[in-house]
Each structure stands twice: as structure tokens, then as C-alpha cells.
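Written out below as C-alpha cells is the structure these notes cover.
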Amino acid sequence: MFLIIMAIVGAIVFTAVGLVIYFLTSSSGFDISKLAGGNIANMDIGFIQALQISSSFGMFIAGPIAFAYIIERKPAQYFYFDNPLRGILLLLVFAIMLFSSPLFEWVTVINQKMSLPDSLKSLEIWMKKSELEAAMLTKKLLVMKDYGDLAINILMVAIIPAIGEELFFRGGMQNIFGQWFKNHHVAIWVTAIIFSSIHMQFYGFLPRMFLGALFGYVLVYGRSIWLAILGHFLNNGTAVVMAYVYQKQGKSLDNLDNETSFNNYSYLISAIITLILLIIFFKKTKDKTIKITYD
Numbered sequence: 016m017f018l019i020i021m022a023i024v025g026a027i028v029f030t031a032v033g034l035v036i037y038f039l040t041s042s043s044g045f046d047i048s049k050l051a052g053g054n055i056a057n058m059d060i061g062f063i064q065a066l067q068i069s070s071s072f073g074m075f076i077a078g079p080i081a082f083a084y085i086i087e088r089k090p091a092q093y094f095y096f097d098n099p100l101r102g103i104l105l106l107l108v109f110a111i112m113l114f115s116s117p118l119f120e121w122v123t124v125i126n127q128k129m130s131l132p133d134s135l136k137s138l139e140i141w142m143k144k145s146e147l148e149a150a151m152l153t154k155k156l157l158v159m160k161d162y163g164d165l166a167i168n169i170l171m172v173a174i175i176p177a178i179g180e181e182l183f184f185r186g187g188m189q190n191i192f193g194q195w196f197k198n199h200h201v202a203i204w205v206t207a208i209i210f211s212s213i214h215m216q217f218y219g220f221l222p223r224m225f226l227g228a229l230f231g232y233v234l235v236y237g238r239s240i241w242l243a244i245l246g247h248f249l250n251n252g253t254a255v256v257m258a259y260v261y262q263k264q265g266k267s268l269d270n271l272d273n274e275t276s277f278n279n280y281s282y283l284i285s286a287i288i289t290l291i292l293l294i295i296f297f298k299k300t301k302d303k304t305i306k307i308t309y310d
């Protein structure tokens, strides 16, 4: 509860600061009517970007760091920032994210075919509506005309979430659950479920949950939160860069969502290679370190 409270306080403080800076620096000003009625097409994107960046920074970075400084004598140690990085583990995380891409696409395809029973049709309609609204806003935010827009989206979608969400979920929440349950597997999967649920994107729940679990195991066995941050950054950053490349090629972002890049053989090969890389990763961590244990 204290972690969540600090995250909320951080979000409020930094959102206020961010919006003040936006209003003071925006040359076009802000038209509140563009937010009226929730019309995504008319939303002020500059305002939404400022809101997203400032609130995410406050909630997921400033909040957890303040939490660690208050409850711990060594906050860097609490978040596993102080353990030395090994180049081989960084390389393995990069390879795992690269070769697991088809596998996660397959999980996404399976998730998107989800259908609820007739008794829950109203829930399914709401879920699809929420998913559509989220997709529309994401596409609007991902419209990029130049490298400046690309840099803003890399910061907003890749850098801040990679650092912040790993601090909050893996560094904070997973650590707390580990102390509760005395079992790192339970802590990893409970955190992964919450991590995926909080995004409120139901037709992407499974791949996001498995990603969260992957980052959790990378942290526990690699003993460095930088490894989880790298994996998270590669996942999000790749999506942003692909969206930018698609637009430079004159393609619609709808193609990015609707196209499947791999076939069934690619999915199988991806699963095999990913499993091999994970085994190598776990063996390499056992060579030098012992996995995190919760006292």
C-alpha cells in the first residue's frame, strides 16, 4: 500500500509540474474543448504527450525511488542497481528478445481470438470497445513526421516505461510479494498478472503477462534490474521504430496491427531458440551468482 501511495503522490506532483511546463512552453496554447466528449480525433496530442510523460515519470520512477529511500538504507541495493553487469547476460537478453518475437506474436494471435460465452457478451462488448479506444489513441500518439517525433515517442513509450515499470513492478511489487510468499515463482507470476491487468488491454493480456514473467525471471536469476529494463526497452522501442519505418514507407499503422510477420514454422523455431537461450542464461547466472532469495 505504501508503494502504491508513493506512486500516486509521485504521479500527482509530476503531472502538475509537467502540465505547468507544457502550458508555459506551448506556442499554440491548449484548447480544453479538444478533450470534451472524449473525442480522440480532436485531442491535443501535445497535451496528451506531456500528461503521459510527466505522470508516468512520477508514478513509476519518482514514486518507487522515494519509496525505496524511505524504507531502505540502501535503495540501490533494494532495486538491484548495485550488482555488476555482465556483458554475456546483456547479450543473452538482447538475443532472447530478438528471437522470441515470433513466439510472442503467436501468443498475441491466440489472445486476440478470445471469445467469451453468451452470458458474458456485455462484458466482451465493453472489452472490445475499450481495446478499440486504446488502439485509436495509441495510433494517434504514434503518428511521427520526423526524428523529433520519434525521439519523443522513444522517451514516452520505451525509456520511461522500461525504467519505471521495472522499478515499480519487478523492483518493488515483485520484491514485496517475494517477501510475502517466500517463493520467487509465485512472486514473479502474481506480479506479471497484475502488470498485464493494469494496462487494461484485454486482447493483449497473455503476451504482456508472459513478458512480465520473463522480465521477472531475468531479474531474479540475473540479479540486476538493468537486464529487465533492457528487455523491456527493446520490446517497446522496437514497436516504436517499426511504426516510424512503416510511416516513412507510406504504409498505414493499421497494417502494423493487422499483419502477421511470421508463419507456423517461424513460431516453432522461435520457441525452440528462445528455450535454448533461456537455459543458457540460467546456466550463466549460476556460474557467478545465486538467484535472489527472499528472507
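Residue numbers (the working numbering): 16 to 310.
Here a beta-carbon is modelled for each residue, glycine too, at the ideal position from N, C-alpha and C.
Excluding five sequence positions before and after Val108, the CB atoms of its chain that fall closer than 7 Å to its own CB belong to Val233, Leu242, Leu245 and Gly246, given in chain order.
The continuous alpha helix (DSSP H) containing Arg223 extends over residues Phe220 to Gly237. Taken in chain order, the whole beta strand (DSSP E) runs of length 3 or more contained in the segment 64-99 number zero.
Going by DSSP, Pro117 is part of the alpha helix (DSSP H) stretching over Ser116 to Gln127.
Around the C-beta of Ala166, fewer than 16 other C-beta atoms lie within 10 Å, and the residue is accordingly described as exposed. In this structure Pro117 touches Ser281 by the C-beta definition: roughly 4 Å separates them, less than 8 Å. In the DSSP annotation of this structure, the continuous segment of the alpha helix (DSSP H) that includes Asn251 starts and ends at Ile240 to Lys263. Per DSSP, the continuous alpha helix (DSSP H) segment holding Ile140 begins and ends at Lys136 to Leu156. Residue Met215 holds the alpha-carbon nearest to the alpha-carbon of Trp141 among Met215, Ile169 and Ile191.
In the three-state DSSP reduction, Arg101 falls in the coil class, being neither helix nor strand.
For Ile178, the enclosing alpha helix (DSSP H) covers residues Ile175 to Glu180.
In chain order, Tyr236 place their CB closer than 6 Å to the CB of Phe297, counting only its own chain and leaving out the 5 sequence neighbours on each side. The segment 33-41 and the segment 63-82 touch, with no fewer than 3 CB-CB distances between them shorter than 8 Å. Exposed is the label assigned to Pro132, since fewer than 16 other Cβ atoms lie within 10 Å of its Cβ. Annotated three-state conformation of Lys266 is coil, per DSSP.
Taking Arg223 as reference, the option from Ser115, Lys154, Ile175 and Ala258 with the minimal CA-CA separation is Ser115. In this model, Tyr37 and Ile27 are separated by some 15 Å (Cα to Cα). In summary, Ile240 is buried, with 16 or more beta-carbon neighbours lying within 10 Å of its beta-carbon over all protein chains present. The criterion of a C-beta distance shorter than 7 Å is satisfied by Phe210 and Gly227.
Between Gln189 and Ala202, the C-beta spacing is below 7 Å. For Phe29, the three-state secondary structure derived from DSSP is helix. Of the candidates Leu283, Leu182, Asn168 and Trp195, the residue whose Cα lies closest to the Cα of Met257 is Asn168. Less than 7 Å divides the Cβ of Ile103 from the Cβ of Lys299. When only Cα atoms are considered, Asn126 and Ala22 end up about 30 Å apart.
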